[in-house]
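Visitor: Mind having a look at this structure? Questions to follow.
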Amino acid sequence: MMPYLMSEKQNKAHLTASDWVDAAMSMMAAGSEADVKIERLAVKLNASKGSFYWHFRDRQHLLQAVLERWSKLTTLDVQARLDHQERAPDQRLLRFLELPLRSARAIMMADLELTIFNWAKQDETARDALILVDQLRTQHIAALIADLGIPTNRANSFAHEAYAMIRYVALRRDLPIDTRCALIKAQHQRIIDAAGTS
1062 MMPYLMSEKQ NKAHLTASDW VDAAMSMMAA GSEADVKIER LAVKLNASKG SFYWHFRDRQ
1122 HLLQAVLERW SKLTTLDVQA RLDHQERAPD QRLLRFLELP LRSARAIMMA DLELTIFNWA
1182 KQDETARDAL ILVDQLRTQH IAALIADLGI PTNRANSFAH EAYAMIRYVA LRRDLPIDTR
1242 CALIKAQHQR IIDAAGTS
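In the numbering used here, the protein residues as written are 1062 to 1259.
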């Protein structure tokens, strides 16, 4: 749809591509990738489907944008924020490990990630995005651990263990938050102890 074909009403209530992506992410976090329907999103946003097609060719284009946004939010943006907020490597590592437990938004992102994880079982694009995010996160954790003075091979091993713990605490909603926080802190302490003996 070309800009000059938009009605005056659509121009006044113009939604951005980010609005559509945010709504799709929220819908996916509450259900599955299959729940993301253009009509449902339009109702949720109180918008016309024309507004959707202003920004996206089709549903697949929107889902690709969701994967790109999720990838950026959960890797580069997180790393930049933590690097800016925390100077000490041990505190940056702890904050990274605690991410799934820190806020309602983090919980929503964990739900979205679970949806993407399930979607990746049958969709190559989702699988590729998930693999890339896993690699970037593991590399980042390994770099944080190496900054503590742990040799690279041990840092890589600890990074995989720590990442498995992050996933575990994000999924185990049946456990009290205090228990999940204690698991993260224990994982962090094992790494700190190893740094002291390196």
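Ideal Cβ positions, reconstructed from N, Cα and C, are used throughout, including at glycine. None of the values given here were measured: they were computed from a predicted structure.
For A1167, tell me which candidate among L1128, I1227, L1197 has the shortest Cα-Cα distance.
Guide: Measuring from the Cα of A1167, the nearest candidate turns out to be I1227.
Visitor: Use the C-beta contact count for E1094: other C-beta atoms within 10 angstroms, 16 or more gives buried, fewer gives exposed.
Guide: So E1094 ends up on the buried side.
Visitor: Give the straight-line distance between the Cα atoms of A1084 and M1169, rounded to the nearest whole angstrom.
Guide: So the two alpha carbons sit approximately 12 Å from each other.
Visitor: Which whole-angstrom value is the C-beta distance of P1150 and L1205, which I expect to be below 8 Å?
Guide: Indeed they touch by this definition, with Cβ atoms about 6 Å apart.
Visitor: By how many angstroms is the C-alpha of R1241 removed from the C-alpha of D1208?
Guide: Approximately 25 Å between the Cα atoms of the pair.
Visitor: What would DSSP say about A1126, mapped onto helix, strand or coil?
Guide: Helix at A1126.
Visitor: Would you check if there are 3 or more beta carbon pairs closer than 8 Å linking the stretch 1128-1147 to the stretch 1178-1194?
Guide: Contact holds: three or more Cβ-Cβ distances are below 8 Å.
Visitor: Name the two residues that bound the continuous alpha helix (DSSP H) containing A1087.
Guide: According to the sequence provided, residue 1087 is Ser. The question's Ala does not apply to it. Unbroken alpha helix (DSSP H) run through S1087: 1078-1091.
Visitor: Would you kindly report the start and end of the unbroken alpha helix (DSSP H) that includes N1179?
Guide: 1165-1180 is the extent of the alpha helix (DSSP H) around N1179.
Visitor: Are there three or more Cβ pairs, one per stretch, closer than 8 Å when the stretch 1095-1112 is compared with the stretch 1132-1148?
Guide: With the cut-off at 8 Å, the stretch 1095-1112 and the stretch 1132-1148 do not touch.
Visitor: Could you give the distance in angstroms between the alpha-carbon of R1118 and the alpha-carbon of W1180?
Guide: R1118 and W1180: Cα-Cα distance of roughly 21 Å.
Visitor: Evaluate I1211 with the Cβ neighbour count: other Cβ atoms within 10 Å of its Cβ, from every protein chain shown; 16 or more gives buried, anything less gives exposed.
Guide: Result: buried.
Visitor: DSSP three-state label for S1068, please.
Guide: Its pLDDT being 43, under 50, S1068 is placed unreliably by the model, and the measurement read from it follows with that caveat. DSSP places S1068 in coil when its eight states are reduced to three.
Visitor: Consult DSSP for V1104 and reduce its assignment to one of helix, strand or coil.
Guide: In this structure, V1104 counts as helix in the three-state DSSP scheme.
Visitor: What is the rounded straight-line gap between the Cα of Y1224 and the Cα of M1086?
Guide: Taking the straight line joining both Cα atoms gives about 23 Å.
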